[in-house]
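**Q**
Chains as they are written, first to last, in this note's numbering: chain A, 312 to 606; chain B, 130 to 349.
1) Would you call residue 294 of chain B buried or exposed, if buried means 16 or more other Cβ atoms sit within 10 Å of its Cβ?
2) With 9 Å as the limit, tell me which residues of the region 249-266 of chain B have their beta carbon closer than that to any beta carbon of chain A; keep them in chain order.
3) At 4 residues or longer, and completely inside the region 233-306 of chain B: list those alpha helix (DSSP H) runs for me, N to C.
4) Straight-line CA distance for residue 251 of chain B to residue 425 of chain A?
5) Just curious, the alpha helix (DSSP H) that residue 467 of chain A is in, first and last residue?
6) May I ask you to report which of helix, strand or coil DSSP gives residue 261 of chain A?
7) When you check each C-beta in the region 162-190 of chain B against every C-beta of chain A, which residues fall closer than 9 Å?
8) Do you know how far the Cα of residue 339 of chain B is from the Cα of residue 180 of chain B?
9) Expressed to the nearest angstrom, what Euclidean distance is found between the alpha-carbon atoms of residue 131 of chain B and residue 150 of chain B?
10) Leaving out five residues before and five after residue 493 of chain A in sequence, what residues of the same chain have Cβ atoms less than 6 Å from its Cβ?
11) Taking the CB atoms as reference points, tell me whether residue 197 of chain B and residue 275 of chain B lie closer together than 9 Å.
12) Is residue 527 of chain A helix, strand or coil by DSSP?
13) Going by DSSP in three states, residue 321 of chain B sits in which element: helix, strand or coil?
14) Does the separation of the CB atoms of residue 401 of chain A and residue 461 of chain A fall below 9 Å?
15) Which residue from A/458, A/454, A/512 and A/470 puts its Cα closest to that of residue 524 of chain A?
16) Note down the Cα distance separating residue 605 of chain A from residue 517 of chain A, rounded to an integer number of angstroms.
17) Comparing C-alpha positions only, which one of A/422, A/331 and A/585 sits nearest to residue 514 of chain A?
18) Report the CB separation of residue 329 of chain B from residue 336 of chain B in whole angstroms; it is logged as a contact under 8 Å.
19) Check the C-beta distance from residue 326 of chain B over to residue 227 of chain B and give it rounded, since I have them as a contact under 8 Å.
20) So what does residue 415 of chain A bridge to, in DSSP terms?
21) Anyone know if the C-beta pair for residue 263 of chain B and residue 245 of chain B falls short of 9 Å?
22) Can you list, in chain order, the residues of its chain with a C-beta nearer than 8 Å to that of residue 258 of chain B? Leave out the 5 residues immediately preceding and following it.
23) For chain A, find out if any of its Cβ atoms is closer than 9 Å to the Cβ of residue 197 of chain B; answer yes or no.
24) Within the continuous alpha helix (DSSP H) that includes residue 485 of chain A, where are the two ends?
25) I'd like the span of the alpha helix (DSSP H) that includes residue 197 of chain B, first residue to last.
26) Please return the same chain residues whose Cβ sits closer than 7 Å to the Cβ of residue 405 of chain A, not counting the five positions on each side in sequence.
27) With burial defined as no fewer than 16 other Cβ atoms inside 10 Å of the residue's Cβ, what is the status of residue 143 of chain B: buried or exposed?
28) By Cβ distance below 6 Å, which residues in the same chain neighbour residue 160 of chain B in space, the five residues on each side in sequence not counted?
29) What residues in the region 580-599 of chain A have a beta carbon less than 8 Å from any beta carbon of chain B?
30) Residues in the region 312-323 of chain A with C-beta within 9 Å of chain B's C-beta atoms, listed in sequence order?
31) Leaving out five residues on either side along the sequence, give the residues of the same chain with a beta carbon under 6 Å from the beta carbon of residue 358 of chain A.
32) Could you check whether residue 441 of chain A and residue 488 of chain A sit closer than 9 Å to each other, using their CB atoms as the reference points?
Have a look at this one:
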């Protein structure tokens with residue numbers, strides 16, 4: 312078996328439909344326009360620019376299309392869990408044991424194997440939730456962004472991109488979904504998200520711990536890893552939709568991130584990155600409007 | 130109320146454990162090092178295969194089993210220093226070259242159309258041999274002096290038997306016609322032949338050797 316797969320190598324059955332990340336992000340249902348997930352027309356009209364700049368509509372149980380928003384998000388979580396499983400599995404296999412930059416310690420492989428088990432359970436949980444919401448596998452597209460971050464030839468960058476950035480995002484998403492389960496009167500959803508949230512904190516902590524251990528004498532490598540994490544954080548800040556704001560679609564789960572080894576300063580940086588992403592989204596929107604007006 | 134000063138035997142009447150065992154400390158460490166090597170190669174392969182199998186149920190089982198074998202490898206890793214091997218890497222070795230050949234052959238299938246070959250290698254060849262070697266070790270080591278190894282063997286065997294059943298049922302569910310039967314059988318025979326040359330996961334003697342008395346001894 313060869314080492315270091317690419318996204319094209321991922322094996323899927325015939326139900327899955329692959330979409331690229333740009334298509335996913337530009338899906339009008341995720342952009343806040345008419346028909347956007349989680350918002351009715353009146354709310355969008357009142358909301359002005361705020362709705363348009365969000366990557367995901369705010370999930371409120373009383374919004375007419377909230378069920379579709381939740382179904383889309385849950386299917387996205389399900390395929391994300393599959394890729395997280397695959398990524399952790401590949402890190403068990405792709406590297407020799409050792410202390411060099413292209414090697415990994417034995418204990419890191421043990422952590423990745425543990426993550427495989429956790430992600431397998433998350434797949435089981437999320438596919439059952441997906442089906443209970445009336446969604447079929449493949450009803451929504453699969454963007455392989457998580458596995459892409461897990462293809463990095465440097466194991467530390469995999470941990471930065473997947474365990475710190477994307478599993479960190481999962482902490483925020485599961486925290487939001489747990490609240491949604493509570494507010495929408497769905498105790499099974501709330502229960503499951505709470506358990507998955509516990510695992511995600513563990514995975515992010517693994518990333519934080521290994522980041523510190525592997526770079527204790529290599530500040531340059533640490534800087535590269537943090538830079539990669541920041542790029543991934545920005546890319547998946549959902550157009551600025553993840554923030555500390557009360558009405559944010561995905562709220563930063565500060566307490567759980569602290570448990571997972573993030574410092575307050577690091578969480579502030581994620582909030583800053585998200586703010587930058589929101590400003591860029593605003594600028595893109597303004598440019599599109601200007602073009603439309605000129606046309 | 131029983132008299133607390135009354136003399137009681139150190140071994141309760143139902144405790145039949147005995148001192149003698151078949152393995153020295155050194156032989157135990159050698160076997161444990163072989164076990165760790167096999168468990169490591171197995172969990173790495175299962176993790177690597179997860180992305181290459183399209184069948185969702187298989188994918189999720191491999192992810193689960195990957196961790197179990199990683200944990201077994203950790204059990205053996207921690208046992209080695211207790212057996213006077215302070216550098217566990219030194220004994221984390223294949224039993225012989227044929228065992229390396231076996232693991233290379235078992236992990237070779239890669240394509241998404243090779244799930245049956247992957248599963249047969251693990252669940253019809255390797256894991257049955259692991260169960261055999263662990264059972265032999267369990268039944269022949271000293272039940273008093275080597276209790277820590279016995280505990281780890283029992284924990285590992287519990288997982289191995291569960292996983293073997295999982296894997297065997299997945300294989301049965303994937304065999305749909307005579308051609309599939311042949312594919313599975315051919316693959317099993319190919320790998321079993323290498324395993325026979327290896328003598329088992331801990332080399333010759335993995336499941337003991339039958340001492341047949343010579344004609345002279347028999348007649349004496």
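Every residue gets a Cβ at the ideal spot worked out from N, C-alpha and C, and that includes glycine.
**A** In brief:
1) exposed
2) none
3) 244-249, 256-269 and 276-303
4) The alpha-carbon atoms of residue 251 of chain B and residue 425 of chain A are separated by roughly 20 Å.
5) 466-469
6) The first residue shown for chain A is 312 and the last is 606, placing residue 261 of chain A beyond what the model contains.
7) 169, 172, 173, 174, 175, 176, 177, 178, 179, 180, 181, 182, 183, 184, 185, 188, 189 and 190
8) Rounded to the nearest angstrom, the two C-alpha atoms are 43 Å apart.
9) 36 Å
10) 501
11) no
12) coil
13) Residue 321 of chain B falls in the helix class under three-state DSSP.
14) yes
15) For the options A/458, A/454, A/512 and A/470, the alpha carbon positioned closest to that of residue 524 of chain A is the one of A/470.
16) 52 Å
17) A/422
18) 6 Å
19) 4 Å
20) In DSSP, residue 415 of chain A forms a bridge with A/408.
21) no
22) 324, 329, 330 and 335
23) yes
24) Here the alpha helix (DSSP H) through residue 485 of chain A covers 478-494.
25) 185-211
26) 314 and 315
27) exposed
28) 331
29) none
30) Residues passing the 9 Å Cβ filter: 312, 313, 314, 316, 320, 321, 322 and 323.
31) With a pLDDT of only 48 at residue 358 of chain A, under the threshold of 50, the placement of this residue in the model should not be trusted; the figure read from the coordinates follows. Excluding residues within five positions, none has a Cβ falling inside 6 Å.
32) no
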